[in-house]
Structures are given as C-alpha cells and as structure tokens.
Amino acid sequence: MTVFRTMIVLAALAIAGPMTAGLSPAEAADTEFLGQVEDLPLAPGLAEDAGGFTFDKPDGRIVEAYAVGRVTGAQVMRFYRDALPQLGWREVGGAAAASGVGIAAFTRGTERLTIDTAEQSSGRLVVHFVLAPAEGAARP
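Structure (structure tokens):
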C-alpha cells in the first residue's frame, strides 16, 4: 500500500464515525477503494459490483462504477459527505428522499463526481458513481 493510499484510508476512517465503530484495526485497514478510481474509498458495507467502465478523453476521464451492500442510503451519503471533503472534494449539490434514494454531486479540480443511491425491495442498496470532467472547468 502506498503512502498516499494509506493517508486516504486513515482520513476516511477518521471521519467514518459510527459506520466503522466496532471494527478491529485490521478490518479498518482493509478499507477498499473503487477499482477505477483509486482514491475513492468504498463506504463500509459496500462491495464493488461489475458493470462499470472507464473512458479517457482529451477533456478528462469518464468513469462509471457500481457498488452494492446491505446498508442504507443515508449511511452511505453520510459517509461520502464526511469523507470526500477530506480528500479535496467539494459538495456542489444533491438531494435525498426518505425512501433512501439520494444523489450527491462533488467537484475537485476539473472533475465532477456524482453518487446516486437506490434501495431495492430486497433490502440491497445499489450505489452508482459517475466521474466526469466538470462543466466549465479550466483544462490544463
């Protein structure tokens, strides 16, 4: 694990609060990240699902990824609203509903990250991540 990745794990765990309560240090160190976005941690209780893609274009990369788990949309949104600012992301919009469906949008530099949650009738939560160039962002 690189120093940068270790710093991200520690920052994410420090702010995760109740979602990581009761985890041993070994379990906490096993924090996973999205395969296509190495500095985007998966909220506790989520596992990356198949079906995503990465596309590099001149304006920046486009990444679509999915994660699933038996956690609530509110828990996942709370995790990302707490964790992402520590990693340089700034929330720019979002909405949440009592049903557990929610959308949050963040920007960092020239990228925009959208996180969308949907609870299925089976009790499983599906989280959809989209990383794309931010509209109007200055390109290097």
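Residue numbers are given in numbering that gives the first Met the number 0: position 90 of the sequence shown equals residue 89, and the series is strictly consecutive.
Think of the CB as a built atom: it goes at the ideal place given N, C-alpha and C, for glycine as much as any other residue.
A quick note: this is a predicted structure, and the numbers were derived from the prediction, not measured.
Report task. Pull up the distance between the alpha-carbon of Gly44 and that of Arg69, whole angstroms please. Result -> 7 Å
**Study point:** Rounded straight-line distance, which links the Cα of Pro132 to that of Phe105
**Key:** 11 Å
Exercise for review: Buried or exposed for Gly92, please, with buried defined as at least 16 other CB atoms from any protein chain shown within 10 angstroms of its CB.
Suggested key: exposed
Which of helix, strand or coil does DSSP assign to Arg80? helix
Can you tell me whether Gly87 is helix, strand or coil according to DSSP? coil
### Task
Assign Thr116 to buried or exposed, taking buried as 16 or more other Cβ atoms, counted over all protein chains shown, within 10 Å of its Cβ.
buried
Query raised in the report: In or out: Thr30 buried (at least 16 other Cβ within 10 Å) or exposed?
Result: buried
Next on the checklist: For Ala64, report the span of its beta strand (DSSP E) as first-last.
Outcome noted: Gly59 to Gly68
>> Using a Cβ-Cβ cutoff of less than 7 Å, which residues in the same chain neighbour Ala66 once the five nearest sequence positions on both sides are dropped?
In response: Leu41, Leu45, Ala46, Glu47, Asp48 and Val126
Margin query: With H, G and I counted as helix, E and B as strand and the rest as coil, what does DSSP make of Gly108?
Written below: coil
| How many angstroms separate the CA atom of Ser98 from the CA atom of Val62? | Note that Ser98 scores a pLDDT of 48, beneath 50, so its modelled location is shaky; the value from the coordinates is reported in the next line. In a straight line, the C-alpha of Ser98 is about 27 Å away from that of Val62.
Quiz prompt | Phe54 burial status per 10 Å Cβ neighbour count (16 or more: buried) | solution = exposed
Margin query: Please return the same chain residues whose Cβ sits closer than 6 Å to the Cβ of Arg111, not counting the five positions on each side in sequence.
Written below: Ala131 and Ala133
Report task. Closer than 7 Å by C-beta to Tyr79: which residues in its own chain qualify, once you throw out the five before and the five after it? Chain order, please. Result -> Ala42, Ala103 and Ile114
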